[in-house]
Amino acid sequence: MRLIARFHTCICCFLFVASCPSVLAQQSKLFVIAQRADTNYIQTYDSLITGRYFFSRKYTSISLQGPENLANLRYRPNSTLNMGVGATYRGFTLNLAYGFPFLNPERGRGKTKYLDLQSHIYTRNWTIDFFGQFYKGYYLNPKGLGHADPQSYYLRPDLGISLFGLAVYNLRNGEKFSYRAAFLQSEWQKKSAGAFLFGGEIYAGSVTGDSAIVPSTLAADYPQRDIWRIRFLEFGPGAGYAYTLVVKKHFFVTGAATLNMDFGISREFKNDQSSDKLTISPNFIYRGVAGYNGNNWNLNFSFVGNTILVRGASSKNDYRFNTGNYRFTLAKRIKPYGRFKRQLKFFDPKE
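Those letters in the sequence shown? Residues -25 to -1, 1 to 326, per mature numbering (1 follows the signal peptide of the UniProt record, and there is no 0), in order.
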């Protein structure tokens, strides 16, 4: 167990240094592009600023797989819908967002306190995903499950999840396929293209409650009935594919998925005892974007998510951790002038 605890600490420090977010900062990324794009496929805008206005929602949830013919127990956070602005210039992107109260009315789902440090880096030949997530306060979906009132959610303000991870993939056709066109709006994919992905990932995490994770009203039906804490460490190689379909040069759909076969160790805590299990499990990272892209404007809906499967000793059924970020974006490319343009030379590549 000391190995998992030490890994938690190292990953947390690494993510803090890599992300360095402010209180309102949702993402801060530094991109390095070494290989030039094929201009028949990709139009770059290194001399322009890509400004954006967006709505986004992040989440980290857990699902306990139920026995046959019984519902899975899906614990979800009451995370906020955020409104924000951001900008990209060359390799640097900064987004600021806030969950205003008028966007997040009370719907009986309780309160969730969270810090989500997701960061997704897209270079010409690499994708790098950082995860550092801390959530406390969940509700059980749908209404009535685990609750005496069928019109109310079962709330767990004590339930907390911590998740740390790193996934790195090599992009094998980066001169013709652009992640940046889809997710950062700083390029324009003019022709359809795809790319194979090869790499690996590592994750560590935990879920903890003040009492058993399974509600007492459902405990008799679930083999995980007395488990109040789970910790895990997983790592392994993976491969995948990404593709952008371009229609009439301006309309596009981008999809990408990777499958990892991870070796893992998990520990379940039950009363004053604990039990370990070694497993090999499939994990997934997936992305999608659809919208309009042109020389000046970009309008799109995007999502990035991953699924981590953990199996404990108490049951053959999985604990399923899901993380994600949904975003609706309107972006405009702007040419800098005068003094502001001179200040931006700080971000220009050195000769």
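Note that beta-carbon positions come from the ideal geometry of N, C-alpha and C, so glycine has one too.
It should be emphasised that the depicted structure is a prediction, and the values quoted were computed from it without experimental measurement.
If we ignore side chains and look at the alpha-carbon of each, how far apart do residue i and residue j end up?
i: residue 3; j: residue 178; result: Any reading at residue 3 is ruled out, since the residue's pLDDT is 38, under 50, leaving its predicted position unreliable.
i: residue 12; j: residue 107; result: 32 Å
i: residue 18; j: residue 270; result: 9 Å
i: residue 311; j: residue 175; result: 39 Å
i: residue 283; j: residue 82; result: 28 Å
i: residue 145; j: residue 103; result: 9 Å
i: residue 61; j: residue 68; result: 7 Å
i: residue 42; j: residue 182; result: 20 Å
i: residue 20; j: residue 161; result: 6 Å
i: residue 192; j: residue 123; result: 9 Å
i: residue 142; j: residue 105; result: 7 Å
i: residue 256; j: residue 214; result: 14 Å
i: residue 132; j: residue 139; result: 21 Å
i: residue 377; j: residue 73; result: Absent from the structure is residue 377, since the part of the chain shown begins at -25 and ends at 326.
i: residue 287; j: residue 99; result: 39 Å
i: residue 317; j: residue 151; result: 31 Å
i: residue 240; j: residue 204; result: 14 Å
i: residue 50; j: residue 37; result: 5 Å
i: residue 75; j: residue 218; result: 35 Å
My assumption, with CB atoms under 8 Å, is that residue i sits in contact with residue j. Please give the rounded CB distance.
i: residue 198; j: residue 290; result: 4 Å
i: residue 210; j: residue 237; result: 6 Å
i: residue 79; j: residue 56; result: 6 Å
i: residue 309; j: residue 26; result: 6 Å
i: residue 116; j: residue 87; result: Residue 116 to residue 87, Cβ: 13 Å. No contact.
i: residue 221; j: residue 165; result: 7 Å
i: residue 207; j: residue 180; result: 6 Å
Could you name the residues of the same chain whose beta carbon sits closer than 7 Å to that of residue i, not counting the 5 residues immediately before and after it, in chain order?
i: residue 109; result: 89, 90 and 137
i: residue 130; result: 85 and 114
i: residue 319; result: 64 and 311
i: residue 120; result: 46 and 129
i: residue 226; result: 267
i: residue 118; result: 125, 126, 127 and 128
i: residue 97; result: 6, 154, 155, 158 and 159
So, at 6 Å on beta carbons, what are the nonlocal neighbours of residue i in its own chain, with the 5 sequence-adjacent residues on each side left out?
i: residue 302; result: 29, 31 and 277
i: residue 313; result: none
i: residue 171; result: 147 and 216
i: residue 134; result: 113 and 184
i: residue 157; result: 229 and 264
i: residue 274; result: 266, 267 and 305
i: residue 163; result: 18, 156 and 268
i: residue 262; result: 231 and 279
i: residue 233; result: 172, 213, 215 and 260
i: residue 48; result: 39
i: residue 298; result: 35 and 281
i: residue 292; result: 40
i: residue -3; result: Since pLDDT at residue -3 reaches only 33, below the 50 mark, its modelled position is unreliable, and the value read off the structure follows with that caveat. So the list is empty, once near-sequence residues are dropped.
Name the DSSP bridge partner or partners of residue i?
i: residue 111; result: 88 and 135
i: residue 307; result: 26 and 272
i: residue 105; result: 94 and 141
i: residue 293; result: 286
i: residue 189; result: In the DSSP output, where bridge partners are listed per residue, residue 189 has none listed.
i: residue 129; result: 115
i: residue 14; result: Beta-bridge pairing links residue 14 to no other residue.
i: residue 301; result: 32 and 278
Enumerate in chain order the residues of its own chain whose CB-to-CB distance from residue i is below 8 Å, with the five nearest sequence positions on each side excluded.
i: residue 196; result: 41, 42 and 45
Ranges of the alpha helix (DSSP H) found wholly within the region 21 to 80, counting only runs of at least 4 = none
Inside the region 199 to 272 only - beta strand (DSSP E) runs reaching at least 3 residues | 202 to 222, 226 to 245 and 248 to 268
Runs of beta strand (DSSP E) wholly within the region 144 to 169 (minimum 3 residues, chain order) | 162 to 164
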